[in-house]
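These notes concern the structure reproduced below.
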Amino acid sequence: MQMTYLEAIRKGIQEEMERDPDVFLLGEDIGIYGGAFKVTAGMLEQFGEKRVIDTPISESAIVGAAIGASLMGLRPVAEMQFADFITCGFDQIVNFAAKCRYRWGAAVPMVIRAPSGGGIHGGPFHSQNPEAWFVHTPGLKVVAPSSASDAKGLIKSAIRDNDPVLYFEHKALYRRVKEDVPEGDFTVPIGKAAVVREGRDLSIITYGAMVHVAREAAETLEKEGVSIEIVDLRTLAHLDEDTVLASVRKTSKVLLLHEDTLTGGIGGELAGRISEKVFEYLDGPIVRVTAPDTPVPYSPPLEEAFLPNAAKVAERARWLARY
Amino acid sequence: MQMTYLEAIRKGIQEEMERDPDVFLLGEDIGIYGGAFKVTAGMLEQFGEKRVIDTPISESAIVGAAIGASLMGLRPVAEMQFADFITCGFDQIVNFAAKCRYRWGAAVPMVIRAPSGGGIHGGPFHSQNPEAWFVHTPGLKVVAPSSASDAKGLIKSAIRDNDPVLYFEHKALYRRVKEDVPEGDFTVPIGKAAVVREGRDLSIITYGAMVHVAREAAETLEKEGVSIEIVDLRTLAHLDEDTVLASVRKTSKVLLLHEDTLTGGIGGELAGRISEKVFEYLDGPIVRVTAPDTPVPYSPPLEEAFLPNAAKVAERARWLARY
Amino acid sequence: MSAPAIIRSHKGVDQNRELALEFLRYMATMRAVEDRIERKLYRQGKILGGVYVGRGQEAIPVGVGLTAEADDVFCPSHRDMALFLIRGIHPRQIFAQYMGRVGGLTRGKDGNMHMGDMNRRIISIISAMAASVPVAAGAALALKYKGTRNIAYCFFGDGATSRGDWHEGLNLAAVLKLPVVYVCNNNQYAYSTPLAKQMACANVVDRAPGYGIPAEMVDGNDVFAVHKAARRAAEHARGGKGPYLIECKTFRMTGHSAHDAAEYVPAGLREEWAAKDPIARLEKKMVEKDWVAQDEIDHMHDEIRQELEAAVEWAEKSPYPDASELLDNVYESA
Amino acid sequence: MSAPAIIRSHKGVDQNRELALEFLRYMATMRAVEDRIERKLYRQGKILGGVYVGRGQEAIPVGVGLTAEADDVFCPSHRDMALFLIRGIHPRQIFAQYMGRVGGLTRGKDGNMHMGDMNRRIISIISAMAASVPVAAGAALALKYKGTRNIAYCFFGDGATSRGDWHEGLNLAAVLKLPVVYVCNNNQYAYSTPLAKQMACANVVDRAPGYGIPAEMVDGNDVFAVHKAARRAAEHARGGKGPYLIECKTFRMTGHSAHDAAEYVPAGLREEWAAKDPIARLEKKMVEKDWVAQDEIDHMHDEIRQELEAAVEWAEKSPYPDASELLDNVYESA
Ligand SMILES: Cc1ncc(C[n+]2csc(CCOP(=O)(O)OP(=O)(O)O)c2C)c(N)n1
Ligand SMILES: Cc1ncc(C[n+]2csc(CCOP(=O)(O)OP(=O)(O)O)c2C)c(N)n1
Ligand SMILES: [Mg+2]
Ligand SMILES: [Mg+2]
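Residue numbers (this note's numbering), protein chains in the order written: chain A, 12 to 334; chain B, 12 to 334; chain C, 67 to 400; chain D, 67 to 400.
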């Protein structure tokens with residue numbers, strides 16, 4: 012059935028709520044209003060105030076309450092109105108949720124949904140990609156779908172997972188991505204990447220909105236006779252190293268692409284694993300294409316220069332392919 | 012003059028406060044009590060309540076107040092009682108302090124001191140190394156001294172710097188490290204690493220407490236005829252890439268060492284830069300030795316297994332040298 | 067027009083024609099600037115992203131702002147445009163800011179009301195609600211530290227009071243007796259969330275005793291009432307007695323932002339408040355008191371409109387920043 | 067001994083000999099366990115790292131804890147050891163926990179009072195003060211969601227009330243009318259920081275009106291008074307009326323932690339409070355009322371001492387975790 016990335020998230024949540032009465036939602040303006048992006052539109056009507064809870068502007072309490080409820084066996088799905096505000100609940104996420112199981116064996120089966128990413132003229136506080144902070148926090152799982160199918164399959168897996176899962180949904184994909192999504196009880200496993208494009212000459216490892224940028228670049232280079240393989244990580248923390256390394260072994264050249272800023276981004280972590288574990292297979296430098304180390308600027312020409320795009324990727328990929 | 016790492020920090024702060032009346036301190040229990048680790052002991056007596064301010068337990072307000080004061084031209088030095096609690100002031104640091112200059116040209120000349128690191132049986136909440144989160148935040152500078160001289164020289168530079176600086180002081184070094192420290196107006200520039208040990212066969216890039224572990228391992232391998240060079244980063248965000256790359260060009264083999272956990276740690280970032288910029292010089296895989304991806308455990312045998320040590324470093328360095 | 071004039075004025079606020087005229091000019095200019103932004107430039111696609119206006123709340127930044135001395139610090143919320151005007155920011159800079167041009171206060175690095183200027187002692191808001199509350203405390207700490215009699219003014223909405231930063235900031239300011247005037251524009255909604263879902267107490271002032279600070283509640287649509295309360299607050303803070311909280315009851319006469327139709331607001335409620343429009347009320351009073359004739363008021367509005375025409379023109383001529391500026395100013399020296 | 071027995075009791079609290087005996091046993095056991103930890107095992111170097119005890123505050127976890135039903139949730143602070151005893155955690159597990167042995171509740175993954183057990187509905191504290199406040203609200207939300215009449219009890223100190231989480235958690239619980247009993251052990255210090263540097267209001271209860279919730283202040287060294295207040299609070303919460311705040315005035319009769327000599331405490335103050343020791347007071351009352359003879363009390367203390375001897379022995383025999391456990395339990399499945 013055809014649906015947008017946003018509708019796929021909604022459908023996934025809805026199906027899980029229908030399946031499991033312990034699943035409930037909390038966040039700011041998610042009820043009557045249906046959420047700042049309308050992801051939860053209709054939920055209040057369908058499930059009632061008991062299971063769709065509007066909260067005060069209190070990210071730390073939203074996360075904390077989700078932790079308490081999940082410790083008691085419920086399955087909260089908390090919404091951050093924008094991923095940028097997740098920093099207000101940071102301590103609860105990285106110190107409470109992430110460490111319960113390790114410290115005292117208590118499961119914290121909760122999901123935090125965070126609309127992230129730029130390209131919507133949101134400026135420094137409505138465009139960030141905060142995933143790397145959480146990838147660096149043992150005990151958390153982090154996913155970031157690029158397609159409507161993955162959006163649905165991953166939110167369902169996240170809700171069923173017995174560990175805290177951060178679900179980064181890219182705002183620029185909400186309505187731009189529309190495709191056929193499997194009906195019913197279909198899930199995408201957490202911890203499995205997908206080779207979304209087969210290729211011989213070079214691997215692009217990426218996730219989220221950048222998968223689409225990579226595809227565009229790949230098509231350009233196809234015409235130039237360069238065959239590009241694209242690995243969509245899908246899961247960022249607790250990631251699928253095998254699929255990444257297999258692709259590098261196959262193509263011997265790798266370009267790491269993310270919208271998040273360069274220094275300390277996930278690209279570095281991948282470079283670390285690749286350069287340690289498949290060093291002998293590498294026929295060229297590990298290239299990173301990312302946003303520069305700045306806040307996300309507002310003005311269109313600045314934001315355009317900030318965001319990675321197909322042209323930038325193609326140029327570096329071309330260089331690497333020739334290397 | 013002989014002093015401990017802890018005394019060197021205190022001396023540096025004291026000298027800056029004597030030099031510049033706009034420098035002041037705020038934090039929890041830093042006054043009468045002199046701070047949980049006594050770093051600010053004697054400051055209240057010397058500078059009075061105006062410049063040594065005890066605060067409520069409010070990390071976010073401590074950071075926020077430091078931001079407000081620094082915007083007005085003061086030079087606050089805020090203390091987190093333990094680096095682990097910096098997560099409670101996270102939003103103020105990464106969204107307010109880090110972005111003012113970029114967004115509207117306002118300088119935020121403040122310092123946040125954070126006692127970090129393990130090896131003191133502190134368990135999951137008194138042992139963490141949170142630096143990587145901030146290294147991933149454009150607009151912040153991050154330093155982490157390994158010696159008493161650097162401790163003094165870097166705190167002085169941090170206080171004089173016109174950007175927000177996070178100063179991670181390693182608890183295990185406070186009293187363990189004692190050495191001659193240059194008198195008077197001596198500073199260590201932010202953004203400059205130091206080659207603390209010259210070597211031919213292999214480079215260890217590290218910082219903080221691990222510099223001492225690297226030294227120990229280097230001496231072991233020296234006896235086995237392996238000559239190790241050690242680069243002490245000293246500055247982590249806004250880091251000295253040239254010195255790192257130069258060392259790799261020289262030895263062609265590199266081991267990245269940090270006490271912080273593996274995934275998303277600074278080692279990955281370094282691997283990214285090295286494998287992209289000096290790929291051709293590499294004669295072996297880039298090896299990372301770090302803590303594993305877990306919280307910091309409390310029980311001695313677990314913490315010992317968690318922390319990198321000379322034996323682990325020597326073993327991997329030996330392997331890499333032979334590669 | 068600068069604040070000290072007012073401070074020096076000895077006439078009672080209610081009898082002060084000059085002050086009333088100043089109120090009116092700032093309130094009318096704020097309204098006109100924001101109408102232009104929300105109803106023209108935004109709809110014409112000349113402003114991208116989020117647009118938040120303070121329609122119906124103009125009496126708050128104006129009534130409070132005109133109690134400030136030039137060296138006092140402002141921490142505006144996202145609905146306090148008048149504070150920028152009072153500090154001499156020209157409407158053309160504001161339009162340029164909203165359109166992402168170099169003529170704006172952030173040269174396009176940030177948008178809309180996310181602007182500040184330390185030379186004018188205006189600290190830019192960040193998006194996180196209430197983040198300015200402890201920052202204002204720190205600015206006040208600096209003013210006290212330097213031995214001045216200046217104070218900081220910090221503005222926020224009803225929803226912002228639920229944030230931990232609000233609590234930590236007020237508590238710190240109270241414990242350290244810092245000179246801050248905290249101003250809540252209680253417009254009874256936070257995005258789609260009504261007050262009753264934001265707090266279980268009736269009024270924001272009910273929270274003041276928990277910080278041991280004085281507080282008062284005023285009609286936020288009566289600029290005279292707001293101004294008088296702000297004077298009491300400022301006097302308290304300047305006197306070294308610590309922070310003071312003012313709660314201004316008002317109503318958000320727009321959606322949360324330009325894209326929001328606010329259908330969640332019960333029928334009639336907005337109309338009810340429309341009757342209490344602070345500008346209309348001020349004009350009515352001024353005419354009744356014979357301080358101005360209606361045609362003088364109309365003339366003032368015309369003047370403002372013309373001024374804004376030129377300002378928009380200027381802003382539209384202001385160039386977009388060059389992509390090469392992307393990497394500038396992350397640090398003092400790259 | 068389990069709580070329900072108490073709930074069923076119809077005798078007035080002050081006339082209830084069985085209840086008094088139960089108070090005494092738990093308070094004395096808590097005191098003995100913590101003395102053993104702080105004054106012996108820690109000084110012998112058998113416990114490493116930070117050690118925080120609740121000496122002088124025993125009446126609070128005991129008086130409150132014994133109002134709980136078996137399925138109610140506890141979120142202890144770092145000075146509420148008795149809550150673990152009340153829920154049937156054996157002292158030997160506590161000693162093993164403090165010594166980092168596998169016999170402890172965290173198998174050595176964490177230390178000291180950083181322990182919990184969801185089977186006994188005890189949520190482990192994390193270090194960040196007040197982090198449990200919103201978590202307790204969430205646990206209470208689950209209890210309400212499941213349609214039970216159970217409630218959550220959340221404990222914290224005076225200093226913790228300065229944290230943003232405290233504010234956000236109380237406000238959320240109040241707005242959602244969640245069944246939580248919030249218990250402040252106001253021991254007048256936060257590490258070296260006296261109350262006056264922590265808050266500008268006189269009492270923590272002064273903050274309750276800001277959340278629209280009832281609150282009361284009690285003598286935290288009078289276990290009967292604490293217990294009665296807790297019963298009122300629990301009844302309120304169980305009745306679906308939302309959260310309730312109890313402030314127990316007490317004093318920290320030790321340093322902040324075992325390494326702290328607390329020289330910052332004014333001379334005489336601790337002695338003054340020593341005279342109000344909750345255990346001595348309880349014993350005196352019980353003897354006066356002829357509920358027990360002094361030698362029976364002495365006998366009880368001996369029993370406890372012996373029990374703890376064996377418990378320490380057991381704990382010392384409990385092995386350290388094997389290094390191979392380092393990587394276990396980061397995620398459900400590695
Ligand atoms: C910490 C945080 N969470 C969520 C948001 C999204 N948001 C922006 S404005 C707003 C409502 C603010 O309400 P209020 O404080 O009453 O100010 P008002 O808009 O009514 O003037 C929300 C939820 C935010 N900006 N910051
Ligand atoms: C967020 C945070 N900041 C600082 C600390 C360090 N710290 C541990 S206990 C404590 C004092 C707590 O005082 P209070 O809440 O009154 O509890 P008490 O120890 O007096 O029982 C402090 C500052 C902490 N644990 N958490
Ligand atoms: Mg509002
Ligand atoms: Mg206390």
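Beta carbons: idealized from backbone N, C-alpha and C, even for Gly.
Any chain B beta carbon closer than 7 Å to C/A197: yes
Distance, Cα to Cα, C/G120 vs C/R105? 13 Å
Shorter than 7 Å from the beta carbon of B/S286 to some beta carbon of chain A? yes
Apart from the five residues just before and just after B/S238, which ones in its own chain have a Cβ nearer than 6 Å to its Cβ? G210, R211 and D212
Look at B/Y16 and B/L184 and say whether their C-beta atoms are less than 7 Å apart. yes
On the CB-based measure, 16 or more other CB atoms within 10 Å of its CB, does D/P309 come out buried or exposed? buried
Three-way DSSP call (helix, strand, coil) for A/A19 in this model: helix
Should C/E223 be listed as close to ligand 3, given that the test is whether its C-beta is under 6 Å from any heavy atom? In the sequence on display, residue 223 of chain C carries Gly and not Glu. Indeed, a heavy atom of ligand 3 lies less than 6 Å from the Cβ.
How far does the alpha helix (DSSP H) with A/V324 in it reach, from first residue to last? A321 to R333
Is C/M195 near ligand 1, with its Cβ less than 6 Å from a heavy atom? yes
Would you call B/P145 buried or exposed, if buried means 16 or more other Cβ atoms sit within 10 Å of its Cβ? It should be pointed out that residue 145 of chain B corresponds to Phe in this sequence rather than to Pro. Buried: at least 16 other Cβ atoms inside 10 Å.
Buried/exposed call for C/L149, threshold 16 Cβ in 10 Å: buried
Along chain D, in chain order, which residues have C-beta atoms closer than 7 Å to that of B/T305? L392, L393 and V396
I want to verify the contact list: residues of chain D whose CB lies under 7 Å from the CB of C/Y277, in sequence order. A266 and C267
If you draw a straight line from the alpha carbon of A/K261 to that of A/T254, how long is it in whole angstroms? Roughly 11 Å separates the two Cα atoms.
For D/R153 and D/G174, what's the separation of their Cα atoms in angstroms? 21 Å
C/R145 CB to nearest heavy atom of ligand 1 below 6 Å: Flag set: Cβ of C/R145 near ligand 1.
Distance cutoff 7 Å, beta carbons only. Does D/L335 sit that close to anything in chain G? Reference to chain G is not applicable here, since the protein chains of this structure are A, B, C and D.
Pull up the CB-CB distance for A/E240 and A/S263, whole angstroms please, since I reckon it's below 8 Å. Between A/S263 and A/E240 the Cβ distance is about 11 Å, and since that is not below 8 Å, they are no contact.
Does at least one heavy atom of ligand 3 sit under 6 Å from the Cβ of A/A47? no
Could you say which of A/P67, A/E252, A/K167 and A/L151 lies nearest to A/T217 if we only look at CA atoms? For A/T217, the nearest C-alpha among the options comes from A/E252.
C/D176 versus chain B: which residues are under 9 Å apart at the beta carbon? Result: K110, Y113, R114 and W115.
For B/E314, the first and last residue of its enclosing alpha helix (DSSP H): P311 to F317
Below 6 Å CB to CB, which residues in the same chain sit around C/A328 once its five sequence neighbours on both sides are set aside? G321
Shortest alpha-carbon distance to B/G133 belongs to which of D/L348, D/V358 and D/L114? D/L114
Short-range partners of chain A found in the stretch 287–302 of chain B, where Cβ spacing is below 9 Å: Here the close residues are E287, K288, V289, F290, E291, L293, G295, P296, I297, V298 and R299.
Can you check whether the C-beta of A/F107 is within less than 7 Å of a C-beta belonging to chain C? Contacts with chain C at 7 Å (Cβ-Cβ) do not include A/F107.
Boundaries (first-last residue) of the alpha helix (DSSP H) holding C/E64: Given that chain C is displayed from residue 67 to residue 400, the structure contains no residue 64 of chain C and the question cannot be resolved.
Quick check: what's the CA-CA separation for D/I126 versus D/D285? 9 Å
Apply the 10 Å Cβ neighbour rule to A/P200 and answer buried if 16 or more other Cβ atoms are within range, or exposed otherwise. Flag for A/P200 reads exposed.
Counting only the same chain and skipping the five closest in sequence on each side, list residues whose C-beta sits under 6 Å from that of C/E349. I363
Flag this pair as touching only if the stretch 186–205 of chain A and the stretch 288–307 of chain A have three or more C-beta atom pairs under 8 Å; answer yes or no. At 8 Å Cβ cutoff, the stretches do not touch.
Okay, do the stretch 335–344 of chain D and the stretch 44–54 of chain B touch, 3+ Cβ pairs below 8 Å being the bar? Cβ pair count under 8 Å is below three, so no.
Unbroken stretches of the alpha helix (DSSP H), 4 residues or longer, contained in the stretch 80–130 of chain C: Taken in chain order, the whole alpha helix (DSSP H) runs of length 4 or more contained in the stretch 80–130 of chain C are 83–101.
Should D/A256 be counted as a contact of ligand 4 given a C-beta to heavy atom distance under 6 Å? yes
Is it right to say D/R83 is buried, meaning 16 or more other beta carbons lie within 10 angstroms of its own, or is it exposed? exposed
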